[in-house]
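S.K.:
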Amino acid sequence: VLAEAGLQRLELSQRITQRLPMEIMLPAVGQGALAMETRADDSATQQVIAALDDPDTHAAVRAERAMLAALRGGCLAPVAGWGRVTDGSLLLTGRVLAPDGSRKIEVTQAADPQQSEALGQRVADILLSHGAAQMIAAARQ
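Encoded structure:
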């Protein structure tokens, strides 16, 4: 399984045989987003890169990362998240899978983009109330 964007950059689009819909293959948290980090005291660089910031993507990634943190997940946890802004509303879908694929918990919630971290926490709370912690713990064993 390869990312479509990568194949397009390599001019190999003709080799794509199937696109996996989000219902089947939700991305990992932060997938496809780029971030830039600067020194705290480097305001000149911060001003330059501020022009590159996309507010919708920023809100989506903040929500996804807040969800992952609240789940205490990491790069090996079977957690997926997809944040997106649609019609001015931030939607976050969170998914946790059992390590063997036998069980799936999925939640989608909406909020104002300014409430991205609270949305991530809310999605995580719902996932946790349905047994996500046990599924994540099982993946660590």
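The numbering of the sequence shown is the numbering used here, which starts it at 2 and goes up by one. No residue lacks a Cβ here, since even glycine has one placed at the ideal position from N, Cα and C.
In this structure, how does DSSP classify residue 18 when only helix, strand and coil are distinguished?
M.R.: For the purposes of this step, residue 18 is taken as the residue at position 17 of the sequence shown. In the structure shown, residue 18 sits in coil (DSSP, three-state: anything other than H, G, I, E or B).
S.K.: Can the beta-carbon of residue 94 be found closer than 8 Å to that of residue 109?
M.R.: Reading the sequence shown from its first residue, position 93 is the one you call residue 94. Reading the sequence shown from its first residue, position 108 is the one you call residue 109. Against a cut-off of 8 Å, the Cβ pair of residue 109 and residue 94 comes out as a contact.
S.K.: Using a Cβ distance threshold of 8 Å, determine whether the segment 39-51 contacts the segment 105-121, with at least three qualifying pairs required.
M.R.: With the cut-off at 8 Å, the segment 39-51 and the segment 105-121 do not touch.
S.K.: Among the residues of its own chain, which have a CB less than 6 Å from the CB of residue 1, if the five just before and after it don't count?
M.R.: The structure shown does not extend to residue 1, since the chain is modelled only from 2 through 142, so no value can be given for it.
S.K.: For residue 67, which residues from the same chain have a beta carbon less than 6 Å from its beta carbon, with the 5 sequence-adjacent residues on both sides left out?
M.R.: Here the question's residue 67 lines up with position 66 in the sequence shown. Cβ within range, chain order: 118, 121, 122.
S.K.: Note down, in chain order, each residue of its chain lying with its Cβ closer than 8 Å to the Cβ of residue 37, except the 5 sequence neighbours on either side.
M.R.: Translated into the one-based positions of the sequence shown, residue 37 becomes position 36. Correct list, in chain order: 50, 53.
S.K.: Pick helix, strand or coil for residue 69, following the three-state DSSP scheme.
M.R.: On the sequence shown, position 68 is the one that residue 69 refers to. Of the three classes helix, strand and coil, the one that applies to residue 69 here is helix, per DSSP.
S.K.: What does the alpha-carbon distance come out to for the pair residue 83 and residue 7?
M.R.: Within the sequence shown, residue 83 is the residue found at index 82, counting from 1. Within the sequence shown, residue 7 is the residue found at index 6, counting from 1. Looking at the two C-alpha atoms, the distance is approximately 19 Å.
S.K.: For a quick check, are the C-beta atoms of residue 27 and residue 81 less than 8 Å apart?
M.R.: Taking the first residue of the sequence shown as position 1, residue 27 is located at position 26. Taking the first residue of the sequence shown as position 1, residue 81 is located at position 80. Yes, Cβ-Cβ distance for residue 27 and residue 81 is below 8 Å.
S.K.: Just the C-alpha distance for residue 133 and residue 23, rounded to the nearest angstrom, thanks.
M.R.: Locating residue 133 in the sequence shown gives position 132, where the first residue counts as 1. Locating residue 23 in the sequence shown gives position 22, where the first residue counts as 1. For residue 133 and residue 23, the distance between alpha carbons rounds to 20 Å.
S.K.: How big is the Cα-Cα spacing for residue 146 and residue 124?
M.R.: Residue numbering for the chain in the displayed model covers 2 to 142; residue 146 lies beyond these limits and cannot be assessed.
S.K.: Excluding five sequence neighbours on each side, which residues of the same chain lie with their C-beta closer than 6 Å to the C-beta of residue 63?
M.R.: Translated into positions along the sequence shown, residue 63 becomes position 62. Hits under 6 Å: 117, 118.
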